[in-house]
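First the structure, in the form of structure tokens, and then the observations on it.
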Amino acid sequence: MDTLTIVGCQFGDEGKGKIIDYLSCNYDLSVRFNGGENAGHTVVTDGNTIKYHLVPAGFLRARTSVIANGVVINLRKLNEEIDFLSRFRGSFELKISNLAHIVTDLHIERDRYLESLRGKGSIGTTLRGIGPAYESKFGRYGIRLEDFKDPKVLEEKLGFLSYIYNIPKKQGMVEDLIHYYEKISTFITDTSEYLREEIDEGSSALFETAQGTFIDVEFGTYPFVTSSHTITGGVTVGTGLSPKYFGKFLGVAKAYTTRVGEGYFPTEIEGEDAERLRKLGNEYGATTGRPRRIGYLDIPMLRRSVKLNSLDYIALTKTDVLGRFKNIKVGVSYIKDGSELKEYDPNKRVDKVEYVSFEPWEDNRSNLNKFIEFIEDEIGVPVALLGSGEKREDIEKRHLI
Ligand code: IMP
């Protein structure tokens, strides 16, 4: 069975899109299994910058792309994305789960409302209705693509949602949803069954999470998290495939750390250094354009990520950006109440981070090698891929995956 699952090791925006795009030519199927259009995977190829939000980032190169049941879908946005992507690949095969839940304007309004209620304690969501969409799914009043088969069911469910939220439905909302549904209806199928059959018959598959390990709804810096499972464990329920289908796990980590939205971030830096690294790395949200918070690479965080996700290897991205930064540091352990801690715990604030420094490597490859070998020694898994630029050609393979 040839399946590989890719997750983000930090708070998201690790550069997963580039890695997925790079690897996807080796796979028949490219599968996305969580999140919604809060995600933004940027891929630069043949002079084009492509931003994926709902469609898997292997769309251009894998035979078939699959949006599995764990994803929450804004139908208008998905239509726009498919229209945009079809400029780069005229003929493609796409499968969308009939069990996927949709995100409506009511969910988006609810997201805004909840964030305003939280006031100073706001999460800093992307305001794309993602939390409310998962809330309605688990509250058992969500709307699935399956519900569009009977417009009466759809209308009733929208009515109930509007009643719960106390937000009136806008005129034309049902008609708009049906219009967007109809445009993609030929792609909709039982993707769990489809994936099982394909893989059983020998197809290879690349599974991708959106977001990063530490904004997982369960294992992240709760409540400052997204509302889905972003860790490798999420791939089974997010696709409807049993754990037997998964054996190889790759984590993507940026050579430094960034975060959008609120929440605990031990190696965060502020001031001039943060601003310089933000500019060097163009660290602004792909979905919302918000400036990302900046920090050093956090080894205790990677250690935890390797364990939580059972990672076999990592891909280290943006090493070119960090190599141009003059003040390179890496957090190696924490101090809490006088004791040394080797692993990140999202629920525990530490008193201090212990750092080691590295020489810049813009003009000195051996300094970069020292940095990589140090990380490998500390986290116990190899850096299989190295990203040192925006383009596909800027990825170096160091180990067989
Ligand atoms: P939500 O997913 O829009 O509910 O936002 C919840 C938290 O997850 C916020 O801190 C967001 O900034 C963060 N978040 C959601 N999607 C992404 C992503 O793709 N990259 C990084 N952070 C994200």
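Residue 29 is where the sequence shown starts when you use this note's numbering, and the numbers rise one by one after that.
Glycine is no exception: its CB is placed at the ideal position from the N, C-alpha and C atoms.
1) I believe LYS105 touches LEU88 by the beta-carbon criterion, under 8 Å. Please report the beta-carbon distance rounded to the nearest angstrom.
2) Let me know the secondary structure DSSP gives GLY289 once reduced to three states.
3) Return the chain-ordered list of same chain residues with a C-beta closer than 6 Å to the C-beta of GLU368, the five sequence neighbours on each side being excluded.
4) State yes or no: is the C-beta of GLY75 nearer than 7 Å to some heavy atom of the ligand IMP?
5) May I ask you to report which of helix, strand or coil DSSP gives LEU308?
6) Comparing the CB of GLN239 with every heavy atom of the ligand IMP, is any distance shorter than 7 Å?
7) Find out if the Cβ-Cβ distance for the pair ALA90, SER52 is shorter than 8 Å.
8) Would you list the residues sitting across from ASP326 in a DSSP beta bridge?
9) Please state if the CB of PRO294 and the CB of ASP340 are separated by a distance shorter than 8 Å.
10) Residue ranges of each beta strand (DSSP E) run of no fewer than 3 residues wholly in the region 222 to 283, ordered along the chain?
11) Can you list, in chain order, the stretches of the alpha helix (DSSP H) that have 4 or more residues and sit fully within the region 173 to 211?
12) Report the rounded CA-to-CA distance for GLU418 versus VAL71, giving the unit in angstroms.
13) Pick out whichever of ALA281, CYS37 and GLU143 has its Cα sitting closest to the Cα of GLY415.
14) Report yes if the CB atom of ALA233 is closer than 8 Å to the CB atom of ASP379, and no otherwise.
15) Counting along the chain, where does the beta strand (DSSP E) carrying TYR341 start and finish?
16) Give the secondary structure of GLY45 by DSSP, where H, G and I count as helix, E and B as strand, and everything else as coil.
17) Would you report the Cα separation of GLY289 and LYS398, rounded to the nearest angstrom?
18) On the premise that LEU344 lies in contact with ALA283, defined as a C-beta separation below 8 Å, what is that separation, rounded to the nearest angstrom?
19) THR154 and ASN66 - do their beta-carbons sit closer together than 8 Å?
20) Tell whether a beta-carbon distance below 8 Å holds between CYS37 and THR241.
21) When you compare only the Cα positions, how much space is there between GLY359 and PHE116?
22) Go through its chain and collect everything with a Cβ distance to PHE215's Cβ below 7 Å, but skip five positions before and after it.
23) Is GLY351 closer than 8 Å to ALA238 when the C-beta atoms are compared?
24) Buried or exposed: where does SER333 fall if 16 or more other Cβ atoms within 10 Å of its Cβ makes it buried?
According to the structure shown:
1) Not quite, the Cβ-Cβ distance comes to about 19 Å (not below 8 Å), so this is no contact.
2) Under the three-state reduction of DSSP output, GLY289 falls in the coil class, being neither helix nor strand.
3) Cβ within range, chain order: SER361.
4) Using a cutoff of 7 Å, the CB of GLY75 does not count as near the ligand IMP, since none of the ligand's heavy atoms is closer than that.
5) LEU308: helix per DSSP, three-state reduction.
6) When distances are taken from the beta-carbon of GLN239 to the heavy atoms of the ligand IMP, the shortest one is below 7 Å.
7) Taking the C-beta atoms as reference points, SER52 is found nearer than 8 Å to ALA90.
8) Bridge partners of ASP326: GLY359.
9) The answer is no: Cβ separation not under 8 Å.
10) Taking only runs of at least 3 residues, the beta strand (DSSP E) segments lying wholly in the region 222 to 283 are 233 to 240 and 276 to 282.
11) Counting only runs that start and end inside the region 173 to 211, the alpha helix (DSSP H) elements of at least 4 residues fall at 179 to 193.
12) Going by the C-alpha atoms only, they are around 8 Å apart.
13) It is ALA281 whose Cα lies nearest to the Cα of GLY415.
14) Their beta carbons are not under 8 Å apart, which means ALA233 does not touch ASP379 by this criterion.
15) Note, TYR341: beta strand (DSSP E), 341 to 345.
16) GLY45 falls in the helix class under three-state DSSP.
17) In this structure, the alpha-carbon of GLY289 lies about 32 Å from that of LYS398.
18) At roughly 6 Å, the Cβ-Cβ gap stays under 8 Å, so ALA283 and LEU344 are in contact.
19) By the CB criterion at 8 Å, ASN66 and THR154 fall inside the cutoff.
20) Contact check for CYS37 against THR241 passes: the beta carbons are separated by less than 8 Å.
21) In a straight line, the C-alpha of GLY359 is about 41 Å away from that of PHE116.
22) Take PHE215, set aside five residues on each side of it, and the residues of its chain with a beta-carbon closer than 7 Å to its own are LEU122, LYS123 and ILE124, in chain order.
23) Cβ atoms of ALA238 and GLY351: not closer than 8 Å.
24) Answer is buried; the Cβ neighbour count reaches 16.
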